[in-house]
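Residue numbers (this note's numbering): 497 to 712.
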């Protein structure tokens, strides 16, 4: 059974707009200010805990963008920064410091045979030793993303206050996607996912999973 787990469809319908034009693919390289001790200019090694990712700059919060596992390339644009996972590795992490406010995200997958798609964004807080599960999207990966599953799951789970992790301080808004099929009409050649990270000006009060979050 092909797997699709799509979380946090908030203020707009999660669907492919008829006749939508997909954005051009960026150049195949990371162009971003990556932060933390495990990063180099092209990407970062994934860390096991929030503390291992380091401390963000003053006035910012640190985020992990985890891509994969998948066999093909994937681009993630966060504002004007571009994160790129190539075909040489199945998974890749990226660590960014982001300021309060809204940050538009566009994730693009392309393959000339079929695509799978896995993306997870986590808010990190070393003080609470916590990784907050901000957003997840999975369609296939491993295996191809089934366009019929995308249609079936167009109305996905909703979460109170647009927070998937009630202990976190980052909301996700405006989730939508567009797709392009292969000539066989069955598999996807391209999937473009849009959403907005809405980052609050305060830090989380509690570690992820704390019972107090349900009452705040």
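Every residue, glycine too, gets a C-beta built ideally from N, C-alpha and C. Bear in mind the structure is a predicted one, so any value in this text is a computation, not a measurement.
Check, Outcome
"Those residues which DSSP pairs with residue 600 across a bridge", "692"
"Contact check, residue 583 vs residue 542, beta carbons under 8 Å", "no"
"Coarse secondary structure for residue 619, derived from DSSP in three states", "strand"
"Buried versus exposed, by CB contacts within 10 Å (16 or more), residue 545", "exposed"
"CA nearest to the CA of residue 614, picked from 700, 581, 548, 699", "581"
"CA-to-CA distance, residue 585 to residue 567, given in whole angstroms", "7 Å"
"Sequence-distant residues of the same chain with beta carbon closer than 7 Å to residue 708, five excluded per side", "702"
"Cβ pair residue 695, residue 575 closer than 8 Å", "no"
"Option nearest residue 689 by Cα separation, candidates 592, 611, 603, 590", "603"
"Within the region 544-579, ranges of the alpha helix (DSSP H) (whole runs, at least 4 residues)", "none"
"N- and C-terminal bounds of the beta strand (DSSP E) containing residue 634", "626-635"
"Neighbour-count burial assignment, residue 677, 16 or more Cβ in a 10 Å radius", "exposed"
"Where residue 710 sits in the DSSP three-state scheme", "helix"
"Residues that DSSP places opposite residue 642 in a beta bridge", "None, per the DSSP bridge assignment."
"Among 632, 661, 589, the one whose alpha carbon lies nearest that of residue 671", "632"
"Residue 461 versus 572, 590, 549, 558, residue with shortest Cα-Cα distance", "Outside the modelled stretch of the chain, which goes from 497 to 712, sits residue 461, for which no answer is possible."
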